[in-house]
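Trainee: In UniProt numbering, the protein residues as written are 1 to 843. We put the CB at the ideal spot given by N, CA and C, even for glycine. Before I ask anything, here is the structure I am working with.
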């Protein structure tokens, strides 16, 4: 029902009528009008013709298409089942097809109304028209579905039953005959379609209800193992509240017991296919109890091989006929034992092919074995490293032969030599003349942690043995050095600098001091050197060391120090910690001959973080970490395990003693800390030192305890007149000490052991001012001598001299025992100074 645009045709008709009237008037009155009128009329006609020709050529004047084309378009629109109406921006109807007329109940074009006026009585429909109109104004197409009671027209419905309509609106370009864009509206009756949807949803809901209450459990899981559907039966078995369940809120790990996940993960499908398998395992109920079930498990794989959604039917293995209760019970018990065993178990035939495996087997050997390998009767040797397969097959042949005593086979996992495996093999004996399918049962345990512990224990014992050896050598060598140094001092007191032998004596003393430095490093490694711990702030310590370290590393290396914020205090020997920092910095420098970067870094590591670090032997506690990082050549993995051993070095001959890192190791261990090395060849090395956080002791009033040692002025006059008892089992040291003290004016009595010292004290009637004693001696050691003397002479002054650390023997003395200490080796001056200061010290 088109409403045509007639304005152009009317204008043309008016022009034609006027020209016709002019022509008739000329023929009737040509005698009066004359030839001039004819010429004017002809000119006007010529101008009108030229104007129309020009307008048609330029497009100013357009002529309508033939009515045949319009009739064809109208016929096509009238054949459409949807009602279609086209209106302009003012809402005026331009066109409506026959279906729209039937829907709205009109018979001619004049009765056609716009869609919004037809639906104005329906609030839901009016809202939909409003939204569609706004969309069209924005240049968009849109559609809405509305439900109208009784429909737009009762034709075809005969009742007030609700009718569903789909309304579409879209903007269309208008021709030259229309002012502005047009809007095409379409409306279709979709009641039958909606009814079909309702029937489909009802059938689907009925199917879901059947599935939910089926006598078998069912679930579906995504590739990540998240359960996206769980039927009511399985939920009831597991004790899961379906009202609280949402897709993904449960995972397979939540409901599968023990190593059952290994059985599930081992099932894989080929790309673009699906695979079905049967798995016997246990599920975990919400109350913690187990449920023996059988999975009918189906997995899918996409075309690219990625794992798809799995669907699983679950049967309760406890249910069935009463006649098979005992058999099912035995089967369930065996399956539980088989799959819950902590050892990997596999049954093989006489050809060495795998017949069946338990869950732990698939868990350990998942990198090389899956369900396909087992179903395909793959040989068991594929789980053994190639270098050990000959030994493995020889041992397996012994099991096939029925040998009762078979030694286990140790190997590593193919493709991952860091994982160690031990295999045990047992023969299967035929019963009742019937040959069993299995020829042998293979059990395997992963021994990776055991191997690591064995290596750690061996390394620890080796380091301890080397430390004891180094400490013993250092102690004995200290006695020799003490005698050499004191003898050199005695010679120097009798020789002037101008004497020819003076330089030789000085050379002897200097080399003895160099040897003493090496001995101190050995003692540091063996953790037997003397430390003077104090509370330190590592920020201040490193700030003071910066200039020294910068000079040591040189101009070609950039030194960075990254101070941690609010560092906790630590308790360590300042001098020894500085030695650690210097040693690590120098080692880093030597690893970068062409320059690089050294970073010293400090930070707090709270206990929660320390727990997650998984460093070997590192207890859970608060630490301050000191890191030394370089960008050097790195350390190979086979070398890292040896770097803390004494005399081990990667430097050229003559460029290192091999004691630097062993000294660092000993100092840190004696301080109560831990040191670790992380390195990558070609990228650099990082040493991390963990020092325990120091917490001040507090009194009852919460004030921190501060211990202030009384500062003793260094003695300048080393002479004296006191009586000294010198106890030393080494003759050279004892003789040197006697001569040194006598040269300072002291009266000296000497003893070679603690027993002899007690006898001399008794002979002298206790007239001794101070005792200087070695620690380790035959018959009676120094600490025992001190305890015996204090019984009869409680105020006697006492000095220990030893090559070991002070705390190595102090723990054997009473906590309130007072004594001095002089570490070996010492010079004549150091001995005289210590004796003088001890005599002047007021208790």
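Under a three-way DSSP split, which group does residue 365 fall into?
Mentor: As a first step, residue 365 must be located in the chain shown, where it is residue number 365. If DSSP states are grouped into helix, strand and coil, residue 365 belongs with coil.
Trainee: With 16 as the cutoff for other CB atoms within 10 Å, does residue 670 come out buried or exposed?
Mentor: Numbered from its first residue, the chain shown carries residue 670 at position 670. The residue is buried, with at least 16 neighbouring Cβ atoms inside 10 Å.
Trainee: Rounded to the nearest angstrom, how far is the Cβ of residue 162 from that of residue 141, given a contact under 8 angstroms?
Mentor: As a first step, residue 162 must be located in the chain shown, where it is residue number 162. As a first step, residue 141 must be located in the chain shown, where it is residue number 141. So it is not a contact: roughly 26 angstroms between Cβ atoms.
Trainee: Cutting at 7 angstroms between CB atoms, please list the residues of its own chain near residue 274, excluding the five before and the five after it.
Mentor: Stepping through the chain shown from its first residue, residue 274 is reached at position 274. Only 298, 299, 300 meet the Cβ criterion.
Trainee: Looking only at C-alpha atoms, which of 309, 111, 690, 625 sits nearest to residue 226?
Mentor: Position 226 of the chain shown, counting from 1, holds the residue named residue 226. Of the candidates 309, 111, 690, 625, the one whose C-alpha sits nearest the C-alpha of residue 226 is 309.
Trainee: Around the Cβ of residue 799, are there at least 16 other Cβ atoms within 10 angstroms (buried) or fewer (exposed)?
Mentor: For this step, residue 799 is matched to residue 799 along the chain shown. Classification for residue 799: buried.
Trainee: Taking residue 846 as the reference, give the member of 173, 626, 406, 605 with the closest Cα.
Mentor: Examination of residue 846 is not possible in this model, given that the chain is present from 1 through 843 alone.
Trainee: Pop quiz: residue 143 and residue 167 are said to be a contact at Cβ under 8 angstroms. What is the actual Cβ separation, rounded to whole angstroms?
Mentor: In the chain shown, counting from the first residue as 1, residue 143 sits at position 143. In the chain shown, counting from the first residue as 1, residue 167 sits at position 167. Yes, residue 143 and residue 167 are in contact; Cβ-Cβ is about 7 angstroms, under 8 angstroms.
Trainee: If you follow the beta strand (DSSP E) that residue 533 is part of, which residue opens it and which one closes it?
Mentor: As a first step, residue 533 must be located in the chain shown, where it is residue number 533. Unbroken beta strand (DSSP E) run through residue 533: 533-536.
Trainee: Opposite residue 425 in the DSSP bridges: which residues?
Mentor: As a position in the chain shown, residue 425 is number 425, starting the count at 1. DSSP, once it has assigned bridges, lists 442 as partnering residue 425.
Trainee: Kindly indicate which residue of 260, 482, 496, 536 has the alpha-carbon position closest to the one of residue 514.
Mentor: Within the chain shown, numbered from 1, the residue matching residue 514 stands at position 514. It is 482 whose Cα lies nearest to the Cα of residue 514.
Trainee: Less than 8 angstroms between the CB atoms is what I'm expecting for residue 832 and residue 734, so what's the real figure, rounded?
Mentor: Stepping through the chain shown from its first residue, residue 832 is reached at position 832. Stepping through the chain shown from its first residue, residue 734 is reached at position 734. Their Cβ separation, rounded to whole angstroms, is 16 angstroms, which puts residue 832 and residue 734 out of contact at 8 angstroms.
Trainee: If you run the structure through DSSP and keep just helix, strand and coil, what is residue 630?
Mentor: Against the chain shown, residue 630 aligns to sequence position 630. DSSP places residue 630 in strand when its eight states are reduced to three.
Trainee: Name the residue from 583, 272, 615, 771 whose alpha carbon lies nearest to the alpha carbon of residue 754.
Mentor: Here residue 754 refers to the residue found at position 754 when the chain shown is read from its first residue. The shortest Cα separation from residue 754 among 583, 272, 615, 771 belongs to 771.
Trainee: If you compare alpha carbons, which of 820, 775, 779, 816 is closest to residue 797?
Mentor: For the purposes of this step, residue 797 is identified with residue 797 of the chain shown, where counting begins at 1. Among 820, 775, 779, 816, the Cα nearest to that of residue 797 belongs to 820.
Trainee: Candidates 564, 398, 147: which alpha carbon is nearest residue 194's?
Mentor: Here residue 194 is taken as the residue at index 194 of the chain shown, counted from 1. Ranking 564, 398, 147 by Cα distance to residue 194 puts 147 first.
Trainee: For the alpha helix (DSSP H) holding residue 569, just list the boundary residues, first then last.
Mentor: Taking the first residue of the chain shown as position 1, residue 569 is located at position 569. Neither: residue 569 is in no alpha helix (DSSP H) and is coded neither H nor E.
Trainee: Please name the residue, chosen from 837, 371, 181, that lies closest to residue 357 on a Cα-to-Cα basis.
Mentor: Translated into positions along the chain shown, residue 357 becomes position 357. Out of 837, 371, 181, 371 has the C-alpha closest to the C-alpha of residue 357.
Trainee: Is it buried or exposed for residue 623, if we count other Cβ within 10 angstroms and need 16 for buried?
Mentor: On the chain shown, residue 623 is found 623 positions in, with the first residue counted as 1. Buried: at least 16 other Cβ atoms inside 10 Å.
Trainee: Taking the alpha carbon of residue 344 as the reference point, which residue from 260, 402, 351 has its own alpha carbon closest?
Mentor: Looking up residue 344 in the chain shown gives position 344. For the residues 260, 402, 351, the minimum Cα distance to residue 344 belongs to 260.
Trainee: Would you kindly report the start and end of the unbroken beta strand (DSSP E) that includes residue 829?
Mentor: Residue numbering aside, residue 829 sits at position 829 when the chain shown is read from its first letter. It is not in any beta strand (DSSP E) - residue 829 instead sits in the alpha helix (DSSP H) that spans 828-840.
Trainee: Could you spell out where the beta strand (DSSP E) holding residue 684 opens and where it closes?
Mentor: On the chain shown, residue 684 is found 684 positions in, with the first residue counted as 1. That run of the beta strand (DSSP E) goes 684-692.
Trainee: In angstroms with no decimal places, state the Cα-to-Cα distance between residue 579 and residue 689.
Mentor: As a position in the chain shown, residue 579 is number 579, starting the count at 1. As a position in the chain shown, residue 689 is number 689, starting the count at 1. Roughly 14 angstroms separates the two Cα atoms.
Trainee: For the alpha helix (DSSP H) holding residue 412, just list the boundary residues, first then last.
Mentor: Sequence index remark: in the chain shown, residue 412 carries index 412 (1-based). Residue 412 -> not in any alpha helix (DSSP H); beta strand (DSSP E) instead, spanning 409-413.
Trainee: Just the Cα atoms here: how many angstroms apart are residue 441 and residue 640?
Mentor: Locating residue 441 in the chain shown gives position 441, where the first residue counts as 1. Locating residue 640 in the chain shown gives position 640, where the first residue counts as 1. Their Cα atoms are separated by approximately 41 angstroms.
Trainee: Which of the three DSSP states, helix, strand or coil, is assigned to residue 76?
Mentor: Here the question's residue 76 lines up with position 76 in the chain shown. Helix at residue 76.
Trainee: Which residues in the same chain as residue 643 place their Cβ atom closer than 6 angstroms to its Cβ, once the five residues preceding and following it in sequence are excluded?
Mentor: Walking along the chain shown from the start, residue 643 turns up at place 643. Around residue 643: 661.
Trainee: Please classify residue 243 as buried or exposed, where buried requires at least 16 other C-beta atoms within 10 Å of its C-beta.
Mentor: One-based indexing of the chain shown puts residue 243 at position 243. Classification for residue 243: exposed.
Trainee: According to DSSP, is residue 710 part of a helix, a strand, or is it coil?
Mentor: By 1-based counting over the chain shown, the position of residue 710 is 710. Because the pLDDT at residue 710 is just 41, under 50, the model does not fix this residue reliably, and the value given afterwards should be weighed accordingly. Coil at residue 710, not helix or strand.
Trainee: Determine the direct distance from the alpha carbon of residue 603 to that of residue 609, and round the result to whole angstroms.
Mentor: If you number the chain shown from 1, residue 609 lands on position 609. If you number the chain shown from 1, residue 603 lands on position 603. One C-alpha to the other measures close to 12 angstroms.
Trainee: Residue 156 by DSSP, collapsed to three states: which one?
Mentor: Looking up residue 156 in the chain shown gives position 156. Note that residue 156 scores a pLDDT of 42, beneath 50, so its modelled location is shaky; the value from the coordinates is reported in the next line. Coil.
Trainee: So what's residue 244 in DSSP terms, helix, strand or just coil?
Mentor: The sequence position of residue 244 within the chain shown is 244, counting from 1. Coil, per DSSP.
Trainee: Which runs of the beta strand (DSSP E), 3 residues or longer, sit entirely within the segment 211-290?
Mentor: 217-221, 226-230, 274-284, all fully within the segment 211-290.
Trainee: Within the continuous beta strand (DSSP E) that includes residue 348, where are the two ends?
Mentor: Here the question's residue 348 lines up with position 348 in the chain shown. Its beta strand (DSSP E) spans residues 344-348.
Trainee: Contact defined as beta carbons within less than 8 angstroms: I believe residue 542 pairs with residue 600. What is the distance between those atoms, to the nearest angstrom?
Mentor: On the chain shown, residue 542 is found 542 positions in, with the first residue counted as 1. On the chain shown, residue 600 is found 600 positions in, with the first residue counted as 1. At roughly 6 angstroms, the Cβ-Cβ gap stays under 8 angstroms, so residue 542 and residue 600 are in contact.
Trainee: Is the shortest distance between the beta-carbon of residue 216 and the beta-carbons of chain C less than 9 angstroms?
Mentor: Looking at the structure shown, chain C is missing, and only one protein chain is on hand.
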